[in-house]
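Order-wise, the sequence lines are chains A and B. Using the numbering used here, you'd call the opening residue of the first sequence number 1398 and step up by one each time. Using the numbering used here, you'd call the opening residue of the second sequence number 14 and step up by one each time. For each residue, glycine too, the CB sits at the ideal point set by N, CA and C. What follows is a single structure, written as C-alpha cells, with notes after it.
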Amino acid sequence: EAGVTQFPSHSVIEKGQTVTLRCDPISGHDNLYWYRRVMGKEIKFLLHFVKESKQDESGMPNNRFLAERTGGTYSTLKVQPAELEDSGVYFCASSQVGEGYTFGSGTRLTVV
Amino acid sequence: GENVEQHPSTLSVQEGDSAVIKCTYSDSASNYFPWYKQELGKGPQLIIDIRSNVGEKKDQRIAVTLNKTAKHFSLHITETQPEDSAVYFCAASKGAGGSYIPTFGRGTSLIVHP
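Here is the structure:
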C-alpha cells in the first residue's frame, strides 16, 4: 500500500512569492489533514478535509493560505504571498474514521 | 482548547539505558493518546497509542502509561538502541481519526549514543 506522498520535499522561495504544496493521501482515506511544524515547536493543525469538503479550517493562520481537495483525492495548499514566518515543515496526513493518522514525509518550506 | 506539554525537549542516553518522555494534557475529555516517532527526513509515524480505559500498554521495548486523574501520560523505551534516535511527539485527542483532531506536544529529540 502506498503511503501519503507529499511534494516537493523542499522549497525555498522569496518573500512575496507563491508556493503550492501537494499531498496525495492513501487511496480510500476520506480524511485528509494539513499540519505545520515551525522549528522546535509543536505540530500545529491547519485544516481537515472529509472527501472534498473542508470540515475544519480553524487552524489556518490567515487568508494567504488556501487549501483545496479536488474531487476528494489529492490536496493542495497554496501560500500567496509568502511571508518569512510561513517557514516550517508542512505535513499532510490521512486517516479513516476510528484509525490513527498516517503522515507524509513533509515539505520543508523556507521563505527568504 | 486542549494544551499538551511535553518534557524534556532533548534527551541523551547511552545505548542500553532506558528513556522516559512525559506529557501532560489539560482537557479531561481527551481519551486517545498516540505517540509518534519522526526520523530524519521522514514524517511522524505512529508507534504506540493508549486509550483512557487502560492504564498501561506495552509493545516489545516500548510502553506507555496513562494517569487520567493527574492528566499525565508517558512513553518508556527500555534497552535503547541507536536506531531509537529520533524526535518523539505525544498527542491527545477526544478520539482516533475522523474529526478528532489531536493536539501535539513540542517533541522530544532522543539521542542514543552507541
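Legend entry - Residue from B:Gly54, B:Arg119, B:Glu52 and B:Ile90 whose Cα sits closest to the Cα of lysine 70 of chain B: Taking only the C-alpha atoms, the option nearest lysine 70 of chain B is B:Ile90.
Legend entry - Straight-line Cα distance separating phenylalanine 1488 of chain A from serine 25 of chain B: When the Cα atoms are used, serine 25 of chain B and phenylalanine 1488 of chain A turn out to be separated by approximately 26 Å.
Legend entry - Coarse secondary structure for glycine 1468 of chain A, derived from DSSP in three states: Helix at glycine 1468 of chain A.
Inset, instruction - Using a Cβ-Cβ cut-off of less than 7 Å, give me the residues of the region 1446-1457 of chain A that come near chain B, in sequence order. - result: From the region 1446-1457 of chain A, only Gln1452 and Asp1453 have a Cβ closer than 7 Å to chain B.
Legend entry - Same chain, Cβ closer than 8 Å to isoleucine 1423 of chain A, five either side skipped, listed in chain order: Within the same chain, isoleucine 1423 of chain A has close Cβ partners Glu1398, Ala1399, Gly1400, Val1401, Ser1491 and Thr1499.
Legend entry - Beta-carbon contacts of glutamate 28 of chain B that lie in its chain and below 8 Å, excluding the five residues immediately before and after: The answer, listed in chain order, is Thr93, Gln94, Pro95, Val125, His126 and Pro127.
Inset, instruction - Taking glycine 134 of chain B as the query, report the chain A residues whose CB atoms sit under 7 Å from its CB, ordered along the chain. - result: Outside the modelled stretch of chain B, which goes from 14 to 127, sits residue 134 of chain B, for which no answer is possible.
Legend entry - Buried or exposed (CB count within 10 angstroms, at least 16 for buried), serine 39 of chain B: With fewer than 16 other Cβ atoms within 10 Å, it is exposed.
Inset, instruction - Anything in chain A within Cβ reach of leucine 59 of chain B, meaning under 8 Å, just list it in chain order. - result: Residues of chain A with a Cβ closer than 8 Å to the Cβ of leucine 59 of chain B are, in chain order, Gly1497, Tyr1498 and Thr1499.
Inset, instruction - Throw me the rounded Cβ distance for the isoleucine 63 of chain B and isoleucine 75 of chain B pair, which I believe falls under 8 Å. - result: For a cut-off of 8 Å, the C-beta gap from isoleucine 63 of chain B to isoleucine 75 of chain B is around 11 Å, too long to register as a contact.
Inset, instruction - Rank A:Leu1444, A:Cys1420, A:Tyr1471 and A:Arg1433 by C-alpha distance to the C-alpha of threonine 1507 of chain A and give the top, closest one. - result: Shortest Cα-Cα distance from threonine 1507 of chain A to any of A:Leu1444, A:Cys1420, A:Tyr1471 and A:Arg1433 involves A:Arg1433.
Inset, instruction - Specify the secondary structure class of aspartate 1453 of chain A as computed by DSSP and reduced to three states. - result: In the three-state reduction of the DSSP assignment, aspartate 1453 of chain A falls in the strand class.
Legend entry - Range covered by the beta strand (DSSP E) that runs through asparagine 1428 of chain A: That run of the beta strand (DSSP E) goes 1428-1434.
Inset, instruction - Using a Cβ cut-off of 7 Å, pull out every chain A residue sitting near isoleucine 114 of chain B, in sequence order please. - result: Taking the beta carbon of isoleucine 114 of chain B as reference, the chain A residues within 7 Å of it are Phe1442, His1445 and Asp1453, listed in sequence order.
Legend entry - Residue burial classification, glutamate 1439 of chain A (beta-carbon count within 10 angstroms, cutoff 16): Burial check for glutamate 1439 of chain A: the Cβ neighbour count within 10 Å reaches 16 or more, so the residue is buried.
Inset, instruction - Give the DSSP bridge partners of proline 47 of chain B, in chain order. - result: Listed as beta-bridge partners of proline 47 of chain B by DSSP are B:Asp62.
Legend entry - Three-state class that DSSP yields for aspartate 1483 of chain A in the structure shown: Helix.
Legend entry - Extent of the continuous beta strand (DSSP E) to which serine 122 of chain B belongs: Per DSSP, serine 122 of chain B belongs to the beta strand (DSSP E) from 121-126.
Inset, instruction - Tell me whether aspartate 97 of chain B sits in a helix, a strand or coil according to DSSP, three-state version. - result: Reduced to three states, the DSSP call for aspartate 97 of chain B is helix.
Legend entry - Residues, ordered as in the chain, of the region 1478-1491 of chain A that lie near chain B by beta-carbon distance below 7 Å: Of all residues in the region 1478-1491 of chain A, Phe1488 have a Cβ within less than 7 Å of some Cβ in chain B.
Inset, instruction - For glycine 1503 of chain A, go through chain B and note every residue whose CB falls closer than 7 Å to its CB, in chain order. - result: Per Cβ cutoff of 7 Å: Gly56.
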